[in-house]
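2 protein chains.
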Amino acid sequence: MARAKVYITLKEGILDPQGKTVLRALKSLGYEEVGDVRVGKYMVLELDGDDKARLEERLGEMTERLLANPIIEDYQMEVEI
Amino acid sequence: MARAKVYITLKEGILDPQGKTVLRALKSLGYEEVGDVRVGKYMVLELDGDDKARLEERLGEMTERLLANPIIEDYQMEVEI
């Protein structure tokens with residue numbers, strides 16, 4: 364059994380209204396040191412198998428097909444056996 | 364200028380309907396090796412300052428007060444100067 368983590372963020376240049384809202388809220392609470400906020404997704408998957416290369420390949424496919432929107436999002440992933 | 368990353372996940376035992384939906388969708392696409400999926404949030408913040416301990420303390424406060432819901436969510440954070 365392996366555990367995989369996928370981090371999905373909006374690409375540079377894609378507007379992030381959720382991040383802007385969080386930024387404004389933090390400023391209004393007095394956190395003036397915050398310059399920018401980007402909000403993304405973080406997914407943790409349990410995967411059956413122990414061939415790390417194969418799991419990474421399959422996870423990349425899952426991410427491209429379903430988890431992320433590759434047109435507007437970037438992603439990074441980690442598989443721990 | 365520092366960059367901070369915050370990873371927010373639902374606590375163990377808290378139902379994750381979004382994760383269950385993703386799991387079902389992956390299975391229906393033929394990814395039978397997926398055993399479980401949990402969906403969380405991933406935030407990247409730009410912070411002004413270079414006192415790492417102080418930034419971590421402030422970021423912990425921001426996370427408890429606004430970014431996460433500590434009743435149902437766990438979080439981890441990293442500050443890179």
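Listed in order, the protein sequences are those of chains E and F.
Here this note's numbering is used: the first residue of the first sequence is 364, the next is one more, and so on.
Here this note's numbering is used: the first residue of the second sequence is 364, the next is one more, and so on.
Glycine residues also receive a C-beta, built at the ideal position from the N, C-alpha and C atoms.
Notebook entry, point to check: Can you tell which of F:M440, F:E436, F:D399 and F:L418 has the C-alpha that lies nearest to the C-alpha of F:M364?
Noted result: When each option's Cα is compared against that of F:M364, the closest is F:L418.
Notebook entry, point to check: Can you give the beta carbon distance from E:V407 to F:T372, rounded, assuming they're within the 8 Å contact cut?
Noted result: Approximately 7 Å separates the beta-carbon atoms of E:V407 and F:T372; this is inside 8 Å, confirming the contact.
Check: Which residues in the same chain have their Cβ closer than 8 Å to the Cβ of F:V385, if we skip the five residues on either side of it in sequence?
Finding: V400 and V402, listed in sequence order.
Notebook entry, point to check: Do you know whose CA, among E:I377, E:Y394, E:E409 and E:L429, lies nearest E:K368's CA?
Noted result: Nearest option by C-alpha distance: E:E409.
Note to self: So, at 8 Å on beta carbons, what are the nonlocal neighbours of E:E427 in its own chain, with the 5 sequence-adjacent residues on each side left out?
What the structure shows: Only P433 meet the Cβ criterion.
Check: By Cβ distance, which residues of its chain are closer than 7 Å to F:I444, with the 5 residues on each side in sequence left out?
Finding: A365, D413 and K415.
Item checked: Residues that E:R421 contacts on chain F, provided the C-beta gap is smaller than 8 Å -> Close partners of E:R421 in chain F (Cβ separation under 8 Å): Y394 and E396.
Check: Looking at the unbroken beta strand (DSSP E) that takes in E:G423, where does it start and where does it end?
Finding: From DSSP, E:G423 is part of no beta strand (DSSP E) but of the alpha helix (DSSP H) over K415 to M425.
Check: What in chain E is Cβ-close to F:D411, meaning under 9 Å?
Finding: By Cβ distance, chain E contributes E395, E396, V397 and G398.
Check: I think E:Y405 touches F:K404, with their Cβ atoms under 8 Å apart; what is that distance to the nearest whole Å?
Finding: Correct: roughly 6 Å between the Cβ atoms.
Notebook entry, point to check: Does the separation of the CB atoms of F:L430 and E:M425 fall below 8 Å?
Noted result: Cβ atoms of F:L430 and E:M425: not closer than 8 Å.
Margin query: Spatial neighbours of E:V435 within its chain, please: C-beta separation below 7 Å, excluding the five flanking residues on both sides.
Written below: The amino acid occupying residue 435 of chain E in the given sequence is Ile; Val does not appear at that position. Excluding positions up to five away in sequence, the list reads L373, K374 and I377.
Next item on the list: Please compile the residues from chain E whose C-beta is within a distance smaller than 8 Å of the C-beta of F:T384.
Entry: Chain E residues near F:T384: none, gap ~11 Å exceeds 8 Å.
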